[in-house]
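Using this note's numbering, the letters of the sequence shown correspond one by one to residues 318 to 405.
The C-beta atom is built at its ideal place from N, Cα and C for all residues, glycine as well.
Just so we're clear, the structure is a prediction, and the values are computed from it rather than from any experiment.
See structure below.
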Amino acid sequence: MSVVNVTMAELHEKLSKCIAGERVLIDHEGNRFSARIQHVGFTGLKVIPETQIKNSTGDPGDIDGVTVPYDDIWELEVKGVVYSRLET
Numbered sequence: 318m319s320v321v322n323v324t325m326a327e328l329h330e331k332l333s334k335c336i337a338g339e340r341v342l343i344d345h346e347g348n349r350f351s352a353r354i355q356h357v358g359f360t361g362l363k364v365i366p367e368t369q370i371k372n373s374t375g376d377p378g379d380i381d382g383v384t385v386p387y388d389d390i391w392e393l394e395v396k397g398v399v400y401s402r403l404e405t
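Okay, here's the thing in structure tokens:
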């Protein structure tokens, strides 16, 4: 797996082209967690934290995601490449 450092603008551009299922690392109010994209929106992403996915016993699609702004996203993993946001 390779890591590519990108600016916030570059990361936002890559996120806008993502599909459901891609992995992201989120820093929301000081808590960091990994999640899977459920839906890409204009101002942010609807994601499902991976801990909820692991603990799910229901049917596919039964978990409601949470919406996070683009600014909370620190990493995006696509096809074995991790796009990591440069700290500003």
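So, with DSSP's three-state summary, where would you put residue i?
| i | result |
| --- | --- |
| Lys363 | strand |
| Asp381 | coil |
| Ala352 | strand |
| Glu327 | helix |
Going by the CB atoms, is the gap between residue j and residue i shorter than 8 Å?
| i | j | result |
| --- | --- | --- |
| Glu367 | Arg353 | yes |
| Ser319 | Val395 | no |
| Leu393 | Glu339 | yes |
| Leu332 | Leu362 | yes |
Mind reading off the beta-carbon distance from residue i to residue j? Whole number of angstroms is fine, and I expect it under 8 Å.
| i | j | result |
| --- | --- | --- |
| Val364 | Val383 | 6 Å |
What separation, rounded to the nearest whole angstrom, lies between the Cα atoms of residue i and residue j?
| i | j | result |
| --- | --- | --- |
| Leu328 | Pro386 | 13 Å |
| Ala337 | Thr324 | 22 Å |
| Ser401 | Val321 | 6 Å |
| Asp344 | Ile390 | 6 Å |
| Ala326 | Gly347 | 21 Å |
| Phe359 | Asp388 | 12 Å |
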